[in-house]
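To keep things clear, I will list the structure first and then write my remarks on it.
In the UniProt record's numbering, the protein residues as written are 1 to 411.
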């Protein structure tokens with residue numbers, strides 16, 4: 001996702017989600033090429049002064065074999081020609097995969113353009129801001145790094161998963177006396193399409209609700225001064241599966257397939273009542289095979305936004321610009337099929353940029369500003385794994401002055 005401005009600050013917030021990490025598993029250079037391409041496009045098109053890149057599942061599932069590729073990717077990115085005008089950078093990589101208690105596989109990148117004269121980052125231990133100079137990379141044990149807060153969600157949040165890596169990383173920044181938080185987040189997925197289909201809303205929606213509520217409570221608690229915040233990453237928000245199926249298969253009949261030994265439901269088949277009983281949808285734990293994928297792509301799938309309901313419970317705490325891009329997940333991992341969805345899950349807008357209402361006021365001060373703001377994908381035709389990487393929010397921040405968001409105590 002990206003966020004940009006002209007008058008005082010141009011900020012591009014970019015998000016990529018490597019949910020499977022297959023690009024690292026199979027050919028890490030492919031991911032570097034795609035990410036580099038998208039970042040180059042952002043830099044060339046918007047010339048951002050401040051750019052943030054949030055990654056999830058950085059390194060993929062085969063962490064030990066992939067981390068050397070991650071380190072090489074980071075070093076090449078920092079020294080690339082596209083980033084030559086960014087003379088300051090902060091990179092935070094959670095690479096300590098041997099620590100199951102703390103490992104989140106999150107990566108947060110922040111790039112500062114040379115024209116941006118004064119920018120400060122908050123030291124959560126010293127409780128004061130420090131001027132950002134040079135390029136620094138932090139990895140391994142991020143728990144001891146005072147310039148961020150990192151937490152992994154408790155295991156009991158998602159007991160179905162033996163080793164969940166879901167969590168968040170928070171950093172705080174100050175520009176022209178305006179402080180704001182940037183939160184990299186990865187919430188829980190739907191473990192089974194069949195279970196997600198059973199109730200409306202699904203049990204998984206409740207788990208994500210609990211985890212996101214925890215994060216929001218954490219970043220506005222009494223330990224630190226309250227500031228505006230942007231939360232972006234892989235929220236794993238899903239469409240209301242039961243409502244979607246009822247709509248897509250309104251005139252279908254359902255066949256239930258059970259396991260012979262346990263009598264457990266293992267498959268649902270929805271067939272048209274006529275038309276030779278054509279199969280419309282097959283649903284299994286990890287199968288969502290709908291006969292017509294165009295419904296998810298036509299007009300960017302916006303007809304299905306009515307089923308995107310998970311954010312409604314946070315409407316008093318979070319704001320999101322109108323979505324006009326297609327569902328960001330689950331895209332084919334075949335490099336020749338950049339626009340094709342896999343038939344593993346119902347397509348959904350998992351990857352988002354959300355913000356506090358005070359942050360909204362920073363980027364939207366008039367109706368004219370709404371015409372400048374662009375909330376969209378970058379690289380819509382490029383294959384980057386099962387998530388469509390780098391959804392972008394481009395906007396103008398006209399004035400960052402004022403202490404309504406808290407003044408910055410500089411060290």
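Beta carbons: idealized from backbone N, C-alpha and C, even for Gly.
Beta-carbon contacts of residue i that lie in its chain and below 6 Å, excluding the five residues immediately before and after
i	result
residue 155	none
residue 93	107, 139
residue 122	129, 172
residue 451	In the structure as shown, the chain starts at 1 and stops at 411, and residue 451 therefore has no counterpart that could be examined.
residue 87	114
residue 282	269, 289
Identity of the residues DSSP links to residue i by a beta bridge
i	result
residue 316	Note: residue 316 sits in no beta bridge, so no partner.
residue 418	Since the first residue shown for the chain is 1 and the last is 411, residue 418 is missing from the structure and cannot be characterised.
residue 172	181
residue 351	234
residue 150	169
residue 289	282
residue 258	265
residue 331	341
residue 123	128
residue 271	253, 279
residue 135	89
Reduced DSSP secondary structure (H/G/I, E/B, other) of residue i
i	result
residue 103	coil
residue 23	At residue 23 the pLDDT is 46, less than 50, meaning the model places this residue with poor confidence; the figure from the coordinates comes in the next sentence. Note: residue 23 maps to helix in three-state DSSP.
residue 235	coil
residue 357	helix
residue 83	helix
residue 89	strand
residue 202	coil
residue 214	helix
residue 191	coil
residue 34	helix
residue 157	helix
residue 324	coil
Buried or exposed by the 16-neighbour rule on C-beta atoms within 10 Å, applied to residue i
i	result
residue 277	exposed
residue 206	exposed
residue 217	exposed
residue 254	exposed
residue 312	exposed
residue 105	buried
residue 57	buried
residue 208	buried
residue 95	buried
residue 262	exposed
residue 424	Limits of the chain in this structure are 1 at one end and 411 at the other, which puts residue 424 out of reach.
residue 159	exposed
residue 291	exposed
residue 167	buried
residue 322	exposed
residue 240	buried
residue 402	Since pLDDT at residue 402 reaches only 43, below the 50 mark, its modelled position is unreliable, and the value read off the structure follows with that caveat. Looking at its Cβ environment, which holds fewer than 16 other Cβ atoms inside 10 Å, residue 402 is exposed.
residue 44	exposed
residue 228	buried
residue 303	exposed
residue 221	exposed
Minimum C-alpha distance to residue i - residue among the options
i	options	result
residue 179	226, 101, 136, 211	226
residue 320	331, 308, 329	308
residue 279	191, 125, 149, 270	270
residue 357	318, 322, 363	318
residue 165	88, 151, 46	151
residue 376	360, 339, 353, 364	353
residue 412	290, 360, 274	As shown, the chain starts at 1 and ends at 411. That puts residue 412 outside it, with no answer to give.
residue 102	122, 169, 245	169
residue 219	245, 194, 233, 183	183
residue 211	247, 323, 234, 282	234
residue 236	248, 243, 187	187
residue 289	299, 249, 34	249
residue 342	293, 372, 90, 374	293
residue 259	114, 284, 111	284
residue 91	33, 85, 77, 322	77
residue 131	144, 282, 116, 75	116
residue 135	181, 141, 198, 79	79
residue 81	55, 36, 89	36
7 Å CB neighbourhood of residue i in its chain, flanking five on each side removed
i	result
residue 327	296, 301, 347, 348, 349
residue 408	120, 129, 174, 177, 179
residue 305	323
residue 200	240, 242, 243
Sequence-distant residues of its chain with Cβ nearer than 8 Å to residue i (five each side left out)
i	result
residue 238	190, 196, 202, 204, 205, 310, 345, 346, 348, 350
residue 257	265, 266, 267, 268, 269
residue 124	146, 147, 148, 149, 172, 224
residue 286	192, 193, 344, 345
residue 273	251, 252, 253
Chain B within 8 Å of residue i, Cβ atoms only
i	result
residue 135	The structure shown contains no chain B; it holds only a single protein chain.
Check: residue i C-beta below 7 Å from any heavy atom of the ligand GTP
i	result
residue 65	As far as ligands go, the structure on display features none, and thus does not contain the ligand GTP.
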